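Counting from 1 along the sequence shown, just add 330 to a position and that's the residue number in our numbering. C-beta: ideal position from N, C-alpha, C; glycine also. The model shown is predicted, which means the values in this text are computed figures rather than measured ones. First the structure, in the form of structure tokens, and then the observations on it.
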Amino acid sequence: MAENKTFMDDFKRFFGRGLGILLPSVLTLWILFQLLVFLNNNIGAPINRGVRIAVIEITPRLLSKEKLPPWFAVSDEEIADARAAKQIRGIADMPDDGVRDLLQREKFTETWQQHWYLQATGLVVAIVVIYFSGRLLGGYLGRQVYERLEGLLAKVPGFKQVYPHVKQVVQMVLGDRPIAFSRVVMVQYPRKGIWTIGLVTGPSLKLIAEETGSDVMTIFIPTSPTPFTGFAINVPVGEVVDVPMSVEEAIRFFITGGVLVPEHLVNPTITARPTTPTAASALPEPPSETDDSAGV
């Protein structure tokens, strides 16, 4: 008999389906947005302040007094109004040139914030600087200099306890050489008769190969639902069975706990739902008429 589904059943089912479809995209956009906010607040904003100071210092040297922009001109009345308002600490004791400099910075900052393309200057400069830093430090000479500087910083107490772990995570996500899983295989682990999916990372240690007397490879056994953690085991090559599955498909398999299986590997004869025995099959079989235990 078919089960009657209520509105709440349909709502929970479709809500979960929609959440599963939209959540990865939303989280990805949120992470990228937070990365841009971090770059803008911690790198772009200081660059913007430096650019504004440089413009204020260079502009009067390049332009005549008549051609200066409106935000650069500060009248004596504006200086007097600023002194009367006392919006700046110690303004009463400042010389007129000091007050004029402060007012120029305030007016230029207001003009800067009214134009989005000016506010984006720091972010664009930060992206360009990071790009050229990667180009510079990616070369042989740049790597040598950076490794020496990194070695000095790694000796600083506190820094050396945090930096290696942060570097490992960043390189795992953004590095040029991500973890190279070459093949998807299955091995009998943790005991004979239990087959486990794993990822081949490469040949094992020479010491293990000499001890076992055979070629041995290292296999990473991820855990669900966090496949970045797991176990590294060493298995003889002859006991490893290749699986026709890509690394991406294997990662999805681990994250979902085996729910998402590639269609070409699904066994249609096996179901995950247990079969409930009928009442007749649950009863013991009656004794046979030819059974010696029956009465004569």
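With 16 other Cβ atoms within 10 Å as the buried cut-off, status of residue i
i      : result
Asn597 : exposed
Asn378 : buried
Leu362 : exposed
Ile549 : buried
Gly532 : exposed
Ile460 : exposed
Ser576 : exposed
Trp360 : exposed
Leu631 : Because the chain in this structure spans residues 331 to 626, residue 631 falls outside the shown range and cannot be described.
Phe511 : buried
Ser534 : buried
Ala412 : buried
Phe583 : buried
Ile388 : exposed
Ile351 : exposed
Ser623 : Reliability fails at Ser623, whose pLDDT of 42 lies under 50, so the model's placement of it is uncertain and the value that follows must be treated cautiously. By the 10 Å Cβ count, Ser623 comes out exposed.
Met331 : In this prediction, Met331 scores a pLDDT of 47, lower than 50, which makes its location untrustworthy; the coordinate-derived value is nonetheless stated afterwards. Classification for Met331: exposed.
Per DSSP, the bridge partner or partners of residue i
i      : result
Pro305 : Shown here, the chain extends from 331 to 626; a query on residue 305 therefore has no answer.
Phe561 : Ile551
Gln518 : Trp525
Val566 : Position check: residue 566 holds Pro in this sequence, whereas Val was assumed. Paired residue(s): Val546.
Arg513 : Val530
Asp572 : Val515
Beta carbon of residue i nearer than 8 Å to that of residue j
i      : j      : result
Val546 : Val573 : no
Ile386 : Arg430 : no
Pro592 : Glu578 : no
Ala484 : Ile373 : no
Ile527 : Val514 : yes
Leu433 : Val458 : no
Arg473 : Leu467 : yes
Trp401 : Phe438 : yes
Ile551 : Phe561 : yes
Pro555 : Ile585 : yes
Cβ-heavy atom distance, residue i to the ligand NAD, below 7 Å
i      : result
Val486 : Ligands are entirely absent from the displayed structure, and the ligand NAD is therefore not among its contents.
Closer than 8 Å to chain D by CB, residue i
i      : result
Val546 : This model lacks chain D altogether, as it is built from one protein chain only.
Cβ contact check for the region 552-565 and the region 515-529: 3 or more pairs under 8 Å: Taking a contact to require three or more Cβ pairs closer than 8 Å, the region 552-565 and the region 515-529 qualify as touching.
Between the region 533-547 and the region 491-498, do at least 3 Cβ pairs fall closer than 8 Å? No: fewer than three Cβ pairs fall under 8 Å.
Count Cβ pairs between the region 366-381 and the region 443-461 that sit closer than 8 Å; are there 3 or more? Enough Cβ pairs lie closer than 8 Å, so yes.
Which runs of the alpha helix (DSSP H), 4 residues or longer, sit entirely within the region 429-490? Assignment of alpha helix (DSSP H) within the region 429-490, counting only whole runs of 4 or more residues, yields 446-449, 451-468, 470-483 in chain order.
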